[in-house]
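J.: Below is one structure. I have some questions about it.
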Amino acid sequence: MHDRSWTHLDDLESEAIHILREAAACFERPVLMYSIGKDSTVLLHLALKAFWPAKPPFPLLHIDTKWKFREMISFRDETARKFGLDLRVHTNPEGLRQGISPITHGSRVHTDVMKTQALRQALEAGRYDAAIGGARRDEERSRAKERIFSFRDRSHRWDPKQQRPELWNIPNTRVHEGESMRVFPLSNWTELDVWLYVLQHRLPVVPLYLAQPRPVVERDGLLIMRDDDRLALRPGEHVQERMVRFRTLGCYPLSGAVESRADTIEKVVEEMLRARTSERQGRLIDHDQSGSMEEKKREGYF
Amino acid sequence: MSSMLNEGETLGAFLDRYRSLELLRFLTCGSVDDGKSTLIGRLLHDTDRVYDDHRKALEEDSKIHGTQGGNVDLALLVDGLKAEREQGITIDVAWRYFATLHRSFIIADCPGHEQYTRNMATGASHCQLAITLIDARHGMTRQTRRHAFIAALLGLPQMVAAVNKMDLVGWDEARFRSVEREFLAWCARLGTPEPTVIPISALHGDCIVHPSTHAPWYRGPTILQLLESVPVMRPAADAPLRLPVQQVLRPSPDFRGFAGRIESGSVTVGDRVQVLPSGRETRIARIACAEADGGDRKSVAAPGSVLVTFTDEVDCSRGDVITCVGGSQQPIPCHSIEADLVWMDETPLMAGASFLMRIGTRTVPATVVRIRHVVDVDTLAQHARDSIEWNEVGRVDIVTQQTIVVEPYRQMRALGALILIDRVTHATAAAGMVRSGDPHEPNPRRAHWATQPAPTIEPPADRSATESVARAARWRQRPAAILLFGPPKSGKTRRAFALERHLWQQGHAALVLDGQALRGGLSRDLTFSDEDRSENLRRAAEVTRLLLDQGMVVILSMVAPQTAARELARDLIGADRFLAIDCAQRGTDDAALFRDVESFIRPDQTPGAG
Chain A
124 MHDRSWTHLD
134 DLESEAIHIL
144 REAAACFERP
154 VLMYSIGKDS
164 TVLLHLALKA
174 FWPAKPPFPL
184 LHIDTKWKFR
194 EMISFRDETA
204 RKFGLDLRVH
214 TNPEGLRQGI
224 SPITHGSRVH
234 TDVMKTQALR
244 QALEAGRYDA
254 AIGGARRDEE
264 RSRAKERIFS
274 FRDRSHRWDP
284 KQQRPELWNI
294 PNTRVHEGES
304 MRVFPLSNWT
314 ELDVWLYVLQ
324 HRLPVVPLYL
334 AQPRPVVERD
344 GLLIMRDDDR
354 LALRPGEHVQ
364 ERMVRFRTLG
374 CYPLSGAVES
384 RADTIEKVVE
394 EMLRARTSER
404 QGRLIDHDQS
414 GSMEEKKREG
424 YF
Chain B
13 MSSMLNEGET
23 LGAFLDRYRS
33 LELLRFLTCG
43 SVDDGKSTLI
53 GRLLHDTDRV
63 YDDHRKALEE
73 DSKIHGTQGG
83 NVDLALLVDG
93 LKAEREQGIT
103 IDVAWRYFAT
113 LHRSFIIADC
123 PGHEQYTRNM
133 ATGASHCQLA
143 ITLIDARHGM
153 TRQTRRHAFI
163 AALLGLPQMV
173 AAVNKMDLVG
183 WDEARFRSVE
193 REFLAWCARL
203 GTPEPTVIPI
213 SALHGDCIVH
223 PSTHAPWYRG
233 PTILQLLESV
243 PVMRPAADAP
253 LRLPVQQVLR
263 PSPDFRGFAG
273 RIESGSVTVG
283 DRVQVLPSGR
293 ETRIARIACA
303 EADGGDRKSV
313 AAPGSVLVTF
323 TDEVDCSRGD
333 VITCVGGSQQ
343 PIPCHSIEAD
353 LVWMDETPLM
363 AGASFLMRIG
373 TRTVPATVVR
383 IRHVVDVDTL
393 AQHARDSIEW
403 NEVGRVDIVT
413 QQTIVVEPYR
423 QMRALGALIL
433 IDRVTHATAA
443 AGMVRSGDPH
453 EPNPRRAHWA
463 TQPAPTIEPP
473 ADRSATESVA
483 RAARWRQRPA
493 AILLFGPPKS
503 GKTRRAFALE
513 RHLWQQGHAA
523 LVLDGQALRG
533 GLSRDLTFSD
543 EDRSENLRRA
553 AEVTRLLLDQ
563 GMVVILSMVA
573 PQTAARELAR
583 DLIGADRFLA
593 IDCAQRGTDD
603 AALFRDVESF
613 IRPDQTPGAG
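Residue numbers (my numbering), protein chains in the order written: chain A, 124 to 425; chain B, 13 to 622.
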């Protein structure tokens, strides 16, 4: 009866579309958190598919820390233009005024002010009652207990002991005024699933995911790309041209590159299949302390 | 961590193979120290699915939080939250993902120590297979029985028991076989398909991924062999169509599409369908899909998410269900259902409480009008109660303010599964499984005491009256009904069975009719109103009369609060054969009770008190 054979990816796709439609139907002011990376790319594709021939019934929100790779920003603007989407960008004005930077203030303060606080500001300003994001449960241990529809109190806090049980595919989407829900349609996807989906649907991704010669410095055991000259060199450091790519994208001073020759999606997938380390290994944000992601989530980090 | 590619395999070859790889969703459950986290850690570790940086973090964590004396503690691979790592316990259902060369897996890791019912029900609602951990030293515990009960209640088709810590009982086969027998017997009582029981040592990795060298007597599969070989359940494409509508999309005046996920069956362009609850019929015009995604489809089966349009202007909105027309199995539009509830709220459920009920994509105000019983998960006994407490399972009647479309959960999960949402806190108060829907408005019931005496059936001619004399002689008794009545907890049931045992030992033929037991079947339709209590007693009296005609002594254990109803029962049975004992008034001296009853049923005894 199927048009073609049903695969594990079809299963995940259908589930994600079901979740997106529930979010659109059950909330008054949903918003899609668009972070430009591969997960957001898949999420956006699914949203376009779930509501076609209508446009997704929600705007896109990007929290811009002003430290994203330049290629990410141009990809973001190009994507919004191409699909005619309502893209809203927010930067924490106080953080900007204080000149918060991941280099001088460290990843903890930077993430707290420019991401967590900024997100809360944007969600409150937009009075969004559902924020749809591309987080996956396999990303990190504390995400393993996250719900697909994850309740947040008036202060946007996540309480792992007060989560609603999720049964079958019947979400409990009820919230009071001021409370909200985070919605994660890709909860059950793995990193490999995301790449296989990108490959299958030929989705354009930020070129940073593909290997090419880039200017990097070795710092704290990571390869940091010097995306602009705000990254001042420390004594003994020097910029070298290396063939690198990124497994995850964030603020450039916090994202470690990996040396790679994978310059096509096919080669990236092949590399994935042979990978021995996790995608978060290249992220400074998780190395701060044991359980750091959990702490950030409690405070409202995505 | 090893490669997902086979030796020498190209990406193209992998992608071809990948298309045939299936996804199995299973859950693991067990009590605090049964070794569940170690089992999952061992599965990931021995299939070489642990990333190198995670392994390094694990080695460091093991030194601080580990329970293996600084050696690598695999349980820490999966104990996610900081609070849990420090306390060495797991709080909530955690989801794990891993893949082997043969299959992808999603594990719902369900902790068992507190809120076990909630966690198990949640995990089971997403899975097809449950692995229950049993500590070989302790055998089956209360917790094990409860886990299996919830799995059976939620309708999991496959059950596995992993008898862990076999190393601590010296890989004793007899020990394993006795646990196995116990588990098989319990599952048989629950009516689940035959489970698989596997002896393991999660700590040492026996029978998880690799077979054990310690158990030559065990010829069954390892845990992984089983997980890679059980058939993955898929919704059958030839099952009846059920498409609950999530949303109506109308981007332009000339397009009106209905979005939803096919929960059962399939849709094909041109199919005749109906919209429930209205029952209006139409045909599928399109299964719309963007050009970029391959354009319109001709046919899609469950569990595909689709957007369909109709050939006619038919009213259809969120909460409606698109189904096939005809067929033997049809959903029931109704206002009243009977359902089993897993109660998840700390506030107990009382009859009369109102909620928001979500079933399919419809949310309606609903009231639990009656609690039929609460199940004792240890004995499977059904107790009449006026509340369902946190983590208990009970059966209820629910009345909804708007029409809903339901089907029995066992037949059709999509329209048989529901949740109740607290109207004030918005907490998910219960998970429910529909047993039946009543298309009619509930009727007021009346007790059916007859004003005319019931007709007496003449025994067949070849069954002479001497038989009753013969029976009375053999059993040394005359038939009689002993009614033990009184409020709950007045000791009726205990006394009834003590009395039965005593009479049995004396060579009499006696049996117990328990009011609660009657409510499980014969009186299933009755509530606890005065009227229905009276009717329950009448039914018990009718059954008693039939049994007395066969020479038996019948011990009735009933609440029977109304004097009038007890008198009607006495009249029906016959005053000379009826002895009523008020358990609330009577002392605890069983011996005195036995003496009174024995004297009442003595064949030469003349009729006495009534």
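Even for Gly, the Cβ is constructed at its ideal location relative to N, Cα and C.
#1: Taking 8 Å as the threshold (C-beta atoms), are E34/B and V242/B in contact?
#2: For T440/B, is the classification buried or exposed, using 16 other Cβ atoms within 10 angstroms of its Cβ as the cut-off for buried?
#3: Compare the C-beta of I140/A against all C-beta atoms of chain B and say whether one is closer than 8 Å.
#4: Does L290/A get closer than 8 Å to chain B when you measure Cβ to Cβ?
#5: Is there a C-beta anywhere in chain B that falls below 8 Å from the one on H279/A?
#6: Mind listing which residues of the region 102-118 of chain B have their C-beta closer than 8 Å to chain A's C-betas, in chain order?
#7: With a Cβ-Cβ cutoff of 8 Å, do P180/A and D209/A count as a contact?
#8: Classify I146/B as buried or exposed, calling it buried when 16 or more other Cβ atoms lie within 10 Å of its own Cβ.
#9: Measure from the C-beta of R144/A to each C-beta in chain B and report whether the shortest distance is under 8 Å.
#10: Can you list, in chain order, the residues of the region 35-67 of chain B whose Cβ is nearer than 8 Å to any Cβ on chain A?
#11: Is it buried or exposed for W198/B, if we count other Cβ within 10 angstroms and need 16 for buried?
#12: When burial is assigned at 16 or more other CB atoms within 10 Å of the CB, is W129/A buried or exposed?
#13: Who are the neighbours of F174/A on chain B, taking C-beta pairs under 7 Å?
#14: Straight-line CA distance for P456/B to A552/B?
#15: Closer than 6 Å by C-beta to G135/B: which residues in its own chain qualify, once you throw out the five before and the five after it? Chain order, please.
#16: Restricting to runs no shorter than 3 residues, where is the beta strand (DSSP E) found entirely within the region 242-273 of chain A?
#17: Just to confirm the assignment, what range does the beta strand (DSSP E) spanning N176/B have?
#18: Straight-line CA distance for G100/B to R154/B?
#19: With a cut-off of 8 Å, does the C-beta of Q413/B fall near any C-beta of chain A?
#20: For H361/A, which of helix, strand or coil comes out of DSSP?
#21: To the nearest angstrom, how far is the alpha carbon of S310/A from that of W175/A?
#22: May I have the straight-line CA-CA distance separating C139/B from L36/B, to the nearest angstrom?
#23: DSSP state of A164/B, grouped into three classes?
#24: Between C153/A and chain B, is any beta-carbon pair separated by less than 8 Å?
#25: By DSSP's criteria, H222/B is part of a beta bridge. Which residues make up the other side?
#26: Run through chain A and tell me which residues come within less than 8 Å of Q170/B, C-beta to C-beta.
#27: What residues of chain B sit near R297/A, judged by a beta carbon separation below 8 Å?
#28: Got a sec: which bits of the region 178-205 of chain A sit with their beta carbon under 7 Å from any beta carbon on chain B, in order along the chain?
#29: Does the distance from the C-beta atom of L496/B to that of A508/B stay below 8 Å?
#30: Which term fits R158/B, buried or exposed, when burial requires 16 or more other beta carbons within 10 angstroms of its beta carbon?
#31: Can you pull the chain B neighbours of T130/A, defined as C-beta to C-beta under 7 Å?
#32: Using a Cβ-Cβ cut-off of less than 9 Å, list which residues of the region 244-276 of chain B approach chain A; keep chain order.
#33: How many Å lie between M132/B and I143/B at the Cα?
#34: List the DSSP bridge partners of T338/A.
#35: Consult DSSP for A363/B and reduce its assignment to one of helix, strand or coil.
#36: Could you name the residues of the region 122-144 of chain B whose beta carbon sits closer than 7 Å to any beta carbon of chain A, in the order they occur along the chain?
T.: Here's the rundown:
#1: Contact: no.
#2: Under a 10 Å Cβ-count criterion, T440/B is classified as buried, with 16 or more other Cβ atoms of the shown protein chains found around its own Cβ.
#3: For I140/A, the nearest CB of chain B lies under 8 Å from its own CB, placing it at the interface with that chain.
#4: Yes, its Cβ sits closer than 8 Å to a Cβ of chain B.
#5: Judged by the 8 Å Cβ criterion, H279/A is not in contact with chain B.
#6: Only those residues of the region 102-118 of chain B whose C-beta falls short of 8 Å from the nearest C-beta of chain A are listed: I103, D104, V105, A106, W107, R108, Y109, A111, S116, I118.
#7: The answer is no: Cβ separation not under 8 Å.
#8: With 16 or more other CB atoms across the displayed protein chains lying within 10 angstroms of its CB, I146/B is buried.
#9: Interface residue, yes.
#10: Listed by position, the residues of the region 35-67 of chain B near chain A (Cβ gap below 8 Å) are L35, Y63, D64, D65, H66.
#11: Result: buried.
#12: Looking at its Cβ environment, which holds 16 or more other Cβ atoms inside 10 Å, W129/A is buried.
#13: What F174/A touches in chain B: L261.
#14: Low per-residue confidence applies at P456/B: pLDDT is 43, beneath 50, and the placement is therefore not dependable, though the value from the model is reported in the following sentence. Taking the straight line joining both Cα atoms gives about 21 Å.
#15: Cβ-Cβ distances below 6 Å link G135/B to L39, V105, A120, C122 in the same chain, with the five nearest sequence neighbours on each side left out; the list follows chain order.
#16: Whole beta strand (DSSP E) segments, 3+ residues: 253-255.
#17: In the DSSP assignment, N176/B falls within the unbroken beta strand (DSSP E) covering 170-176.
#18: Low confidence applies to G100/B: its pLDDT is 48, below 50, so where it sits in the model is not reliable enough to give any reading.
#19: Between Q413/B and chain A, the shortest Cβ-Cβ separation is not below 8 Å.
#20: In the three-state scheme derived from DSSP, where H, G and I count as helix and E and B as strand, H361/A is classed as coil.
#21: Each residue's Cα considered, the two are about 22 Å apart.
#22: Note on geometry: alpha-carbon atoms of C139/B and L36/B lie some 8 Å from one another.
#23: Judged by DSSP in its simplified three-state form, A164/B adopts helix.
#24: Residue identity check: residue 153/A is Pro in the sequence provided, not Cys. No Cβ of chain B is located within less than 8 Å of the beta carbon of P153/A.
#25: Bridge partners of H222/B: D218/B.
#26: By Cβ distance, chain A contributes nothing, its closest Cβ being about 18 Å from Q170/B, past 8 Å.
#27: At a beta-carbon threshold of 8 Å, the residues of chain B lying near R297/A are L368, I433, H438, ordered along the chain.
#28: Listed by position along the chain: nothing, the set is empty.
#29: Less than 8 Å separates the beta-carbon of L496/B from that of A508/B.
#30: Label assigned to R158/B: buried.
#31: Here the neighbours are R31.
#32: Taking 9 Å as the cut-off between beta carbons, the residues of the region 244-276 of chain B near chain A are R246, A249, D250, Q258, Q259, L261, R262, P263, S264, F267, G269, A271, G272, R273, I274, E275, in sequence order.
#33: Going from the Cα of M132/B to the Cα of I143/B covers about 11 Å.
#34: Before going further, note that residue 338/A is Pro rather than Thr in the sequence given. Bridge partners of P338/A: E364/A.
#35: Coil at A363/B, not helix or strand.
#36: The residues in question are R130, A133, T134, S137.
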